[in-house]
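Engineer:
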Amino acid sequence: MSTLATRIKLNNDTAIPCLGFGTYKIKDPVEAYNSTKTALETGYRHIDTAAFYENEKQVGQAINDFIKENNVKREDIFVTSKVWKTELGYDKTLAAFEKTMSEIGLDYLDLYLIHWPASYAFDDDWENTNRDTWRAMIEIYKSGRVKAIGVSNFLTHHLKALMEFDIIPAVDQIEINPGFLQEDTVDFCQEHGILVEAWSPLGRGKSLDHPLLKELADKYGRTVAQIILRWEIQHDVVPLPKSVNPDRIAQNANVFDFEISDEDMEKIDAIEPYGNSGHSPDQAD
Ligand code: A2P
């Protein structure tokens, strides 16, 4: 049986825990510290932050304190951060990484991601901007200060421009929730050995009242959130649920002792499309 600490091998020598703790929108410093610490105490071994979340410092502090207080090794915890879309391009990405490292206070990151692609709506040379940014990511990776590099919100056409490099993304973190499986991108990634992570795996709460999901929650004796996270795991996607509530943090971690049948997986796959929560990656300015 998998657990929160069970790892999936990436396309290099690194492996990633199969469920992570998301910290988007936890801007309040005390809340960011406390919820990260609670997640680690609950057994999460994978923490996802970003420069844009404005909580790298508190997230890093919680990780360092947890390591010291519990005699845990740094290698047991998988930590991700991301370069924001105003910092794309070779030089700016290198500088953004230095800022992240001084904020987060860790010796290395497990994963560093390009948060959003340059998009054709706002950048005539979007493919080259993404390539230049990727060159910086490769340099950071080769320095040994990150164990893996990847992207976020990249659709197939964004990914294709990076497939010509010797080192391709290890991960693509995209929005996935019931009604928004993004099969084209997931299929492309899985065919090319790129692991898919799900941001907003619970659809920011909007899926929690869905009648089919409620029916399945009753059938399996689980909460709707647990059904959704389990559905993502069975699609070989790594969900990153966010919560500031200790009970929900624990609930979201308790998804490894049941299995959704193939028939019910297909029913969830067929939930009517909701579309993006925010703007599409092709409209990222
Ligand atoms: P809270 O932080 O108060 O728990 P997503 O990860 O899809 O973006 O969803 C995050 C939203 O879902 C947050 O508003 C969070 O609120 C809420 N949430 C997280 N876990 C659960 C859960 N198990 N049940 C209900 N709501 C949840």
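Going by the working numbering, the sequence shown opens with residue -8, and the numbers climb by one from there. By construction, the Cβ of each residue, glycine as well, lies at the ideal position given by its N, Cα and C atoms.
Can you tell me whether residue 188 is helix, strand or coil according to DSSP?
Structural biologist: strand
Engineer: Going by DSSP in three states, residue 103 sits in which element: helix, strand or coil?
Structural biologist: strand
Engineer: Taking the beta carbon of residue 72 as the centre, do at least 16 other beta carbons fall within 10 Å, making it buried, or is it exposed?
Structural biologist: buried
Engineer: Thinking just about the alpha-carbon of each residue, which of 36, 176, 17 is nearest to the one in residue 47?
Structural biologist: Distance check between residue 47 and each of 36, 176, 17 places 17 closest, using alpha-carbon atoms only.
Engineer: How about residue 231 and residue -1: are their beta carbons less than 8 Å apart?
Structural biologist: No, the pair does not count as a contact, with Cβ atoms beyond the cut-off.
Engineer: Classify residue 182: buried if its beta carbon has 16 or more other beta carbons within 10 angstroms, exposed otherwise.
Structural biologist: exposed
Engineer: To which residues of the same chain is residue 30 closer than 6 Å at the C-beta, ignoring the five residues directly before and after it?
Structural biologist: Same-chain partners within the cutoff: 12, 240.
Engineer: Between 184, 109, 128, which has its C-alpha nearest residue 81's C-alpha?
Structural biologist: 128
Engineer: Does the Cβ-Cβ distance between residue 224 and residue 204 come in under 8 Å?
Structural biologist: The answer is no: Cβ separation not under 8 Å.
Engineer: Is the CB-CB distance between residue 41 and residue 106 below 8 Å?
Structural biologist: yes
Engineer: Roughly how many whole angstroms lie between the Cα atoms of residue 152 and residue 121?
Structural biologist: 8 Å
Engineer: Given 8 Å as the limit, is there contact between the region 160 to 167 and the region 131 to 151, that is, 3 or more CB pairs closer than that?
Structural biologist: Yes: the two stretches touch, three or more of their Cβ pairs being nearer than 8 Å.
Engineer: Checking contacts by CB at 8 Å: is residue 83 closer than that to chain B?
Structural biologist: Looking at the structure shown, chain B is missing, and only one protein chain is on hand.
Engineer: Could you pull the start and end residues of the alpha helix (DSSP H) that residue 201 belongs to?
Structural biologist: It is not in any alpha helix (DSSP H) - residue 201 carries neither H nor E in the DSSP assignment.
Engineer: Have a look at residue 57 and residue 49 and give me their C-alpha separation to the nearest angstrom.
Structural biologist: Cα to Cα, the separation comes out at about 12 Å.
Engineer: Where are the alpha helix (DSSP H) runs, 4 residues long or more, that stay fully inside the region 123 to 166, in chain order?
Structural biologist: 147 to 151
Engineer: For the region 87 to 103 and the region 242 to 258, state whether three or more C-beta atom pairs, one from each stretch, are separated by less than 8 Å.
Structural biologist: no
Engineer: Whose C-beta lies closer than 8 Å to the C-beta of residue 78 among residues of the same chain, with five residues either side of it excluded?
Structural biologist: 42, 84, 86, 87
Engineer: Check for me: the alpha helix (DSSP H) holding residue 20 runs from which residue to which?
Structural biologist: 20 to 33
Engineer: So if DSSP puts residue 72 in a beta bridge, which residue, or which two residues, is it bridged to?
Structural biologist: Residue 72 is bridged by DSSP to 103.
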